[in-house]
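See structure below.
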Amino acid sequence: MTPIKIAVASGKGGTGKTMVATSLASVLVSEHRVQLIDCDVEAPNAHLFLKPSINWSSPAVIMIPEINEERCTACGKCVEVCEFHALAQIGTRILVFPQLCHGCGTCSLYCPEDAISEIPHQIGEMSRGLTTNGVDFLMGELTISEPMATPIIRQLKGLVNEKGEIIIFDSPPGASCAVVATVHDADYVLLVTEPTPFGLHDLKQMIGVLKATGTPGGVIINRDGIGNQQLESFLEGTPYPILMKIPYDSEIALGLASGNVLTDFIPQYQSEFQSLHRRILEHYAKVSA
Amino acid sequence: MILMISSQGDTLQSEPSLRFGRAPYFIEFNLEDDSWKAHENPAVSEAGGAGVAASQFLIDKKASAALSGRFGPNAHYALTHANIRMVTFDGDYRSVQSVIDAYKDEKLQEAKH
Ligand code: SF4
Ligand code: SF4
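Protein chains in written order, with this note's numbering: chain A, 1 to 289; chain B, 290 to 402.
Encoded structure:
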């Protein structure tokens, strides 16, 4: 079986995205090789639930320019081509702003004097470990305040075990570039939302991302019962079926608040997540046929 | 000597802008002859690095001093290296003209970092 990469995404934080990702990983690991990658590098939290024992870590770096002042003729080309404004020219000097640099390499490509070399600049850290039940866990964390999530997500994805059977991406919230980077090479996206007008609004945005990337997906309604039917009637006319509903339940809220995986503290959910996985595979097979 | 004042609009009567990188306009004011010119801030709609882009604009215009509500760390770094004085004003000034008058009367403070 080819590995199926599932991204779990939501329009905003706190909708139960990590709850779904960690539960799915915990349930499927009894029968499959499972890798979970927390791509929410600005605020990773899946590790708080899965509690992996981290045994590997590595700095995430991007390559930023260093100007060789002997060669630089101060032509200003590099400043002009940098779309992130990470370079400025003052008289004959070129200033580099490492915090703004995205490491795209455009400046060195355009420098007519070959005066730009590239040096590593740390933007975050990646770590990896196993959970007690055997999930191969990976996460990245940005250590700078600039929104530079995409390069770390790309590097994390370089660590995907292509021989693994199931790879779960816990996506960052929202519809930013970081989300697009996460969803981009997923085979399937689980959209977690709440049945409220806000939930519907966010869901529509997320569906926009799926349409743009052409990725199939299905919807999980969390805290079912708190809102109205609007969301369900909206989904009826779309290719994104409702795959699961998790009711609003104070026991769930309590268990999550103390850092537990849903399927551990309410074992009835194990079979629910198994059937969720079946439904994903069925829907995936149908749309990719 | 050229001042650049961050502004919401394109006249001396416009409200000054407390933001530097994302100010809609810069008013260029020449202290030698009191002449002035309004420039749209080329950095206003940049996704990132607006402070650096606005600083580059002031550097290219050979400004001697930048007047704004506050300067972000990147703008501060760029303007410092370019020897451009950073001067701040607060929200009490209702027009660019009143900021210029206060500057001439030495009532404004250097930006501190
Ligand atoms: S690598 Fe890209 S972002 Fe960084 S300074 Fe060069 S052009 Fe700008
Ligand atoms: S493009 Fe090269 S030569 Fe021109 S200013 Fe930049 S570093 Fe110097």
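Beta carbons: idealized from backbone N, C-alpha and C, even for Gly. The model shown is predicted, which means the values in this text are computed figures rather than measured ones.
Bridge partners - residue i, DSSP secondary structure assignment
i: Ser117/A; result: Glu66/A
i: Gly76/A; result: Paired residue(s): none; Gly76/A is not in a bridge.
i: Asp38/A; result: Met139/A and Asp170/A
i: Ser53/A; result: Leu130/A
i: Lys5/A; result: Ile167/A
i: Ser58/A; result: Met126/A
i: Ala354/B; result: Leu292/B and Arg374/B
i: Tyr312/A; result: Here chain A comprises residues numbered 1 to 289, so residue 312/A is not present and cannot be evaluated.
i: Arg359/B; result: Arg308/B
i: Ile348/B; result: Ile348/B is not bridged to any residue.
i: Ala88/A; result: Leu95/A
i: Gln398/B; result: Thr377/B
i: Thr193/A; result: Ile221/A
Local Cβ density within 10 Å of residue i, reported as buried at 16 or more and exposed below that
i: Val8/A; result: buried
i: Asn372/B; result: exposed
i: Pro151/A; result: buried
i: His201/A; result: exposed
i: Lys393/B; result: exposed
i: Val287/A; result: exposed
i: Gly158/A; result: exposed
i: Asp170/A; result: buried
i: Gly103/A; result: buried
i: Ser303/B; result: buried
i: Ile119/A; result: exposed
i: Asp291/A; result: Since the first residue shown for chain A is 1 and the last is 289, residue 291/A is missing from the structure and cannot be characterised.
i: Glu399/B; result: exposed
i: Met1/A; result: Residue confidence is low: Met1/A scores 49 on pLDDT, short of 50, so the model does not pin down where it sits. Its coordinate-derived value is still stated next. It counts as exposed.
i: Gln268/A; result: exposed
i: Asn363/B; result: buried
i: Gly208/A; result: exposed
i: Thr263/A; result: buried
i: Ala115/A; result: buried
i: Leu109/A; result: exposed
i: Leu24/A; result: buried
i: Val388/B; result: buried
i: Ala289/A; result: exposed
i: Gln230/A; result: exposed
i: Gln205/A; result: exposed
i: Ser26/A; result: buried
i: Glu141/A; result: buried
i: Lys396/B; result: exposed
i: Ser306/B; result: buried
i: Leu190/A; result: buried
i: Asn55/A; result: exposed
i: Ala332/B; result: buried
i: Pro311/A; result: Outside the modelled stretch of chain A, which goes from 1 to 289, sits residue 311/A, for which no answer is possible.
i: Ile143/A; result: For clarity, residue 143/A is Thr in the given sequence; the question names Ile instead. So Thr143/A ends up on the exposed side.
i: Arg383/B; result: exposed
i: Asp381/B; result: exposed
i: Gly340/B; result: buried
i: Leu210/A; result: buried
i: Gly199/A; result: buried
i: Asn228/A; result: exposed
Expected contact under 8 Å - CB spacing of residue i and residue j to nearest Å
i: Ser295/B; j: Ser344/B; result: The pair is not a contact, with the Cβ atoms about 12 Å apart (cut-off 8 Å).
i: Gly13/A; j: Pro195/A; result: Their Cβ separation, rounded to whole angstroms, is 18 Å, which puts Gly13/A and Pro195/A out of contact at 8 Å.
i: Val96/A; j: Ile67/A; result: 7 Å
i: Leu320/B; j: Met290/B; result: 5 Å
i: Ala46/A; j: Thr22/A; result: 6 Å
i: Ile220/A; j: Met244/A; result: 5 Å
i: Gly11/A; j: Ala186/A; result: So it is not a contact: roughly 16 Å between Cβ atoms.
i: Leu28/A; j: Ile166/A; result: 5 Å
i: Gly214/A; j: Tyr240/A; result: About 13 Å separates the two Cβ atoms, so there is no contact after all.
i: Gly259/A; j: Leu36/A; result: Actually they are not in contact, since the Cβ atoms of Gly259/A and Leu36/A sit about 16 Å apart, beyond 8 Å.
i: Ile94/A; j: Cys72/A; result: 6 Å
i: Ala86/A; j: Gly338/B; result: 6 Å
i: Phe309/B; j: Phe360/B; result: 5 Å
i: Cys78/A; j: Cys111/A; result: 6 Å
i: Thr193/A; j: Thr15/A; result: 6 Å
i: Asp136/A; j: Val34/A; result: 7 Å
Residue-level contact to chain E via CB, residue i, 7 Å cutoff
i: His365/B; result: In the structure shown, chain E cannot be found, because the protein chains are A and B.
Just to confirm the assignment: which complete alpha helix (DSSP H) runs, minimum length 4, are found wholly within the stretch 120-147 of chain A? none
Every unbroken alpha helix (DSSP H) within the stretch 299-335 of chain B, with a cutoff of 4 residues, ordered by chain: none
Could you give the uninterrupted runs of the beta strand (DSSP E) lying entirely in the stretch 217-265 of chain A, keeping only those of 3 residues or more? 217-224 and 242-247
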